[in-house]
Every structure is written in structure tokens, then in C-alpha cells.
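Worksheet: one structure, shown below.
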Amino acid sequence: MNKRIVALDVGDRRIGIAVSDALGYTAQPVETYTRVGYGPDVRHIAAIAAQYETDRILCGLPLNMDGTHGFQAEKVREFAAKLEEAGLFVAYHDERMTTMLAESALMEANMRREDRKKKVDMVAAVMTLESYLDAQRLSSANEDEDEAEAEDDDSEDGLLEMIDEDGNAVRFLLSAKIVYRGEEYVLLTCAEDAGDIVKDESFIMRSSTDADGNPCYQSLDDQKLIAEVYEAYLKQSEQDE
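Pasting the structure below:
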């Protein structure tokens, strides 16, 4: 039987908390918790996990826009280490755009600024969990397709190999193609841990071709554009469902 996943949007003052259903299809908000200190915070999260009969925790990782780990991401990892010491199993998922999208969604709902402060972390946790569950389903579907085709073809369809700045080959899963304002973008999900990149970390890139006409992908530096493309991806996913 599958276990629920408790998702956390960890901030310096507050932690947004969401939880999945037992089958891993949906994400529901739980609460916004005001932090007290490592000890009480860990006990509170452990109590929520126990309430939902799970030991699985998903922490949103606030990476820099170039995908590197900054000061805020390290603080999340430090808190996650305390959760692991308490016997919980922690996974991570890229949450670079979720807080911005959560704030935007609450503004569209005409929520007052003070009320948005109380809700934004919880909504961000829901969005992070939804993105993670989507990625897991896509990954599982692609794995099933690969297994079905393995007898006839040894190639790894859906997996792309890219070279990082240190010259190391890193494999990515092509999770989605997104058309936004007449241009095509892709959502790439890392298939393995590689240096500073962790498994299931996601990147949005522009789809293009090189001088020889071969497909290639260009990284994006525009944070606003990345958020807009990611929002288009979420809407596209809702329509597909």
C-alpha cells in the first residue's frame, strides 16, 4: 500500500505544509506552521507525519535560478537532516517558482495582503507536492514504456544526456513539452544524482536547434519567463487530465 507524502515549504519564519492522498494523485493543504526552533519544529512535523501514518517527507528546495544550491537551499537541507535524525525519510523537489506562483494565485483570488502572508507558504507546499506527484507519474509512465520496448530496442527513449560545466554526463528525463507565446520549451527532470544536481530536480529550457539542425536546449536566466512557462505547464497538465 502506498504511503502519503507530507510536503514542506520551509522558510525562516514559517513552514507551509501539505499532504498527498494515499495513492499519490492529489495534494491538499494542511496548515502554515510558525517556527519555534529545531526541536519543536521537528516534533511538530513528526506528529503530522504520524497523523497521516507516513514517514515520507518532501522538502521544496529553493534553488538559484541557474540550478545551483544557495544559502537558502542549504538551510532547508540542514532542517531536513534534523527530520532524518528523527526517523523520517526526506526527498527534495525543485521549488524555485512555487512561492511566486502561490502569491500570484492568492492575489488573483483578491485575498488581502495580511491573509496572503498566512496562506502563501501552505499554497506553495501544495504546488510543490503537485509538481512532484506529476513528475513521479510521468517518470513511472516512461519507465513502463521503456520496459515494454526493451525487448525490441535497447535505446533509452525519453532520456537525454547532457554535459555539465565540469564535463560530466548527466541524464535527464524529458518530462514535458510546453508551447508558450509561439516558442517551445521543455521540462527536464534529472534522472540521477550528479554533483550539485539531485535526482528529480527539474529545469525549464528553451527548445532550439544547433548549427547542424540537431535539437538542443538552451538554459533560461529570466526568472519571470521561467515562472510564466512553468505556469503554462501547470495549466497544460490540468487540461491533459
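The numbering used here puts the first residue of the sequence shown at 471, with every later residue one more than the last. Ideal Cβ placement from N, Cα and C applies to all residues, glycine included.
Cβ-Cβ distance between residue i and residue j below 8 Å
i      : j      : result
Ala488 : Val649 : no
Ser490 : Leu603 : yes
Ala594 : Glu565 : yes
Asp525 : Phe559 : yes
Leu553 : Ala543 : no
Val699 : Ile674 : yes
Arg676 : Glu708 : no
Straight-line gap, residue i to residue j (C-alpha atoms, nearest Å)
i      : j      : result
Glu662 : Asp670 : 7 Å
Gly481 : Val546 : 8 Å
Arg484 : Ile518 : 15 Å
Leu643 : Ser689 : 16 Å
Ile527 : Ala520 : 11 Å
Ala572 : Leu695 : Its pLDDT being 42, under 50, Ala572 is placed unreliably in this model, and the coordinates cannot settle the point.
Tyr655 : Gly665 : 25 Å
Asp680 : Tyr687 : 9 Å
Pro499 : Tyr703 : 21 Å
Met632 : Val506 : 42 Å
Lys647 : Leu629 : 14 Å
Asp479 : Asp591 : 6 Å
Ala477 : Asp682 : 44 Å
Gly486 : Phe541 : 19 Å
Ala516 : Ser601 : 23 Å
Arg651 : Asn684 : 22 Å
Gly557 : Gly494 : 21 Å
Nearest-angstrom Cβ-Cβ length linking residue i and residue j, presumed shorter than 8 Å
i      : j      : result
Ala497 : Leu599 : 4 Å
Nonlocal neighbours in the same chain, by C-beta distance under 7 Å from residue i, ignoring five residues either side
i      : result
His726 : Because the chain here runs from 471 to 711, residue 726 falls outside it and cannot be looked at.
Ala605 : Ser645, Thr659, Asp670 and Ser672
Gln706 : Ile648
Cβ-based neighbour list, residue i, same chain, cut-off 6 Å, excluding 5 preceding and 5 following
i      : result
Val668 : Tyr562
Ile475 : Ser490, Arg526 and Leu528
Glu501 : Ile487
Asp511 : Arg505
Ser678 : Cys686 and Gln688
Met581 : Its pLDDT being 49, under 50, Met581 is placed unreliably in this model, and the value from its coordinates should be taken loosely. So the list is empty, once near-sequence residues are dropped.
Contact set for residue i: own chain, Cβ-Cβ below 8 Å, skip 5 residues either direction
i      : result
Lys473 : Ala492, Glu523, Thr524, Asp525 and Arg526
Tyr508 : Phe549 and Lys552
Asn638 : Ala664 and Gly665
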